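Q: One structure is given below, represented as structure tokens, and several questions about it will come after.
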Amino acid sequence: MYVLEFVRSSKKELKNIDKYNQVFILNSLEDFIKNFSSEYESSLMNSGKIKKLQGQKEILYRLKLRSYRVIYKKYEDKLVILVVHVTTREGAYK
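Take any residue in the sequence shown, note its place counting from 1, add 657, and you have its number in this note's numbering.
See below:
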């Protein structure tokens, strides 16, 4: 099972979101890591919910949660999903 970790800036971004959406995002991320496998990730990629980001120095992924975007990075050897960025669609790719 994967572990969920946040960088400090993503914790701040999450705190700036209203409580209702905070709960939704955190619950969605908990479900995401609970069910995470290569098959699950592949099915979410096929549906468009996950996308591998292009043009980055490191391998990052975008997870769509309603109007919010969670940018994350996987560490296969540690089984950690590191949340890098939590924001609305408008601010996700700046």
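Glycine included, each C-beta is placed from N, C-alpha and C at the ideal position. Please read all numbers here as calculations on a predicted model, not as lab measurements.
Is DSSP giving Glu662 helix, strand or coil here?
A: Note: Glu662 maps to strand in three-state DSSP.
Q: Between which two residues does the alpha helix (DSSP H) holding Ile682 run?
A: Counting along the chain, the alpha helix (DSSP H) containing Ile682 begins and ends at Lys676 to Asn692.
Q: Can Val743 and Ser666 be called in contact, C-beta distance under 7 Å?
A: Not closer than 7 Å, so no.
Q: Apart from the five residues on each side of it in sequence, which residues of its chain come closer than 6 Å, Cβ to Cβ, to Leu722?
A: Only Ile682 and Ser685 meet the Cβ criterion.
Q: I'd like to check one pair, Arg719 with Lys708: are the Cβ atoms closer than 7 Å?
A: Going by C-beta atoms, Lys708 is nearer than 7 Å to Arg719.
Q: Just how far apart, CA to CA, sit Ile728 and Ser694?
A: Rounded to the nearest angstrom, the two C-alpha atoms are 18 Å apart.
Q: Please classify Val660: is it buried, with 16 or more other beta-carbons within 10 angstroms of its beta-carbon, or exposed?
A: That one is exposed.
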